[in-house]
Amino acid sequence: GGIITQTPKFLIGQEGQKLTLKCQQNFNHDTMYWYRQDSGKGLRLIYYSITENDLQKGDLSEGYDASREKKSSFSLTVTSAQKNEMAVFLCASSIGTGGYEQYFGPGTRLTVL
Amino acid sequence: GQQVKQSSPSLTVQEGGISILNCDYENDMFDYFAWYKKYPDNSPTLLISVRSNVDKREDGRLTVFLNKSGKHFSLHITASQPEDTAVYLCAAVLNNNNAPRFGAGTKLSVKP
Chain A
272 GGIITQTPKF
282 LIGQEGQKLT
292 LKCQQNFNHD
302 TMYWYRQDSG
312 KGLRLIYYSI
322 TENDLQKGDL
332 SEGYDASREK
342 KSSFSLTVTS
352 AQKNEMAVFL
362 CASSIGTGGY
372 EQYFGPGTRL
382 TVL
Chain B
18 GQQVKQSSPS
28 LTVQEGGISI
38 LNCDYENDMF
48 DYFAWYKKYP
58 DNSPTLLISV
68 RSNVDKREDG
78 RLTVFLNKSG
88 KHFSLHITAS
98 QPEDTAVYLC
108 AAVLNNNNAP
118 RFGAGTKLSV
128 KP
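So this is what it looks like as structure tokens:
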């Protein structure tokens, strides 16, 4: 088995602030993902990465940066936090590059004051 | 626009009945379809999935039906139990892409 950890669990920021969320997995999975979950909108793909140092934009990449520093870690940066940006950010990973059977982390809940 | 859609935000079923959850998609290049289950304050977990070369897959009380011409897939849960109460998310993957796109979710409530 394996596990995905996300830090921090709760993140409180100020409007305009740059904020970084981190994700680690020990599945040895190839692909990692960042999704944003808003109430009533399901999961929206921000960025994903199929291997170390790879980066692919999702449907909601505007306002975010991401970095796959090594195979086991994938970080997401909110470049300038916005007042309406209160959501749960979910990290996921999957074996191979086909997008099959994703495993999700526990999430980071972002609140912008 | 949203590529994968769940038009019913909620569904209530009596215990023992059949729960039918629906998902529509826009792009006929999607070739992998999945259902995830999410309890409150927990992360989604994969329930069942199917490739586009089949139109049905069963696993215990769960059955996925795929209608490619209608760009629609569904999850049927037979003998629904109160513990089936959760949010169900459908997801689909394009055959030239690596990242699943999700629907907005349907909240299933199974009443005793």
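Residue numbers (my numbering), protein chains in the order written: chain A, 272 to 384; chain B, 18 to 129. Backbone N, C-alpha and C fix where the C-beta goes; we use that ideal spot for every residue, glycine too.
Cut-off 7 Å between Cβ atoms - residues of its own chain near residue i, not counting five sequence neighbours on either side
i: G273 of chain A; result: Q296, N297 and F298
i: Q385 of chain A; result: It is not possible to answer for residue 385 of chain A, since the shown part of chain A is limited to 272 through 384.
Proximity of residue i and residue j at Cβ, strictly below 9 Å
i: L331 of chain A; j: P117 of chain B; result: no
i: M357 of chain A; j: T322 of chain A; result: no
i: G367 of chain A; j: T302 of chain A; result: yes
i: Y42 of chain B; j: V21 of chain B; result: yes
i: L4 of chain B; j: S69 of chain B; result: Chain B is shown from 18 up to 129; residue 4 of chain B falls before or after that span and cannot be answered.
i: H93 of chain B; j: S27 of chain B; result: no
i: L111 of chain B; j: Q373 of chain A; result: no
i: R74 of chain B; j: S66 of chain B; result: yes
i: Y105 of chain B; j: T123 of chain B; result: yes
Three-state secondary structure (DSSP) of residue i
i: D216 of chain A; result: Any property of residue 216 of chain A remains undetermined from this structure, which presents chain A solely from 272 to 384.
i: D101 of chain B; result: helix
i: D325 of chain A; result: coil
i: L331 of chain A; result: coil
i: K289 of chain A; result: coil
i: D309 of chain A; result: strand
Residue range of the beta strand (DSSP E) that includes residue i
i: I94 of chain B; result: H89 to I94
i: Q277 of chain A; result: I275 to T278
i: Q78 of chain B; result: The amino acid occupying residue 78 of chain B in the given sequence is Arg; Gln does not appear at that position. That residue, R78 of chain B, is in no beta strand (DSSP E); it is neither H nor E in DSSP.
i: L361 of chain A; result: A358 to S365
i: L314 of chain A; result: G313 to S320
i: S36 of chain B; result: S36 to Y42
i: A51 of chain B; result: F47 to K55
Chain-order list of residues whose beta-carbon lies under 8 Å from that of residue i (same chain, five-residue window excluded)
i: A337 of chain A; result: W305, I317, Y318, S320, L326, F345, S346, L347 and T348
i: F375 of chain A; result: I275, L361, C362 and A363
i: K354 of chain A; result: E286 and V383
i: Y335 of chain A; result: W305, I317, Y318, L347, T348, V349 and T350
i: Q31 of chain B; result: S97, V127 and K128
Sheet register partners of residue i (DSSP bridge)
i: Q31 of chain B; result: B:K128
i: Q296 of chain A; result: A:I275
Proximal residues to residue i (C-beta, below 6 Å), its chain only, five neighbours per side dropped
i: C40 of chain B; result: Q23, F90, C107 and G120
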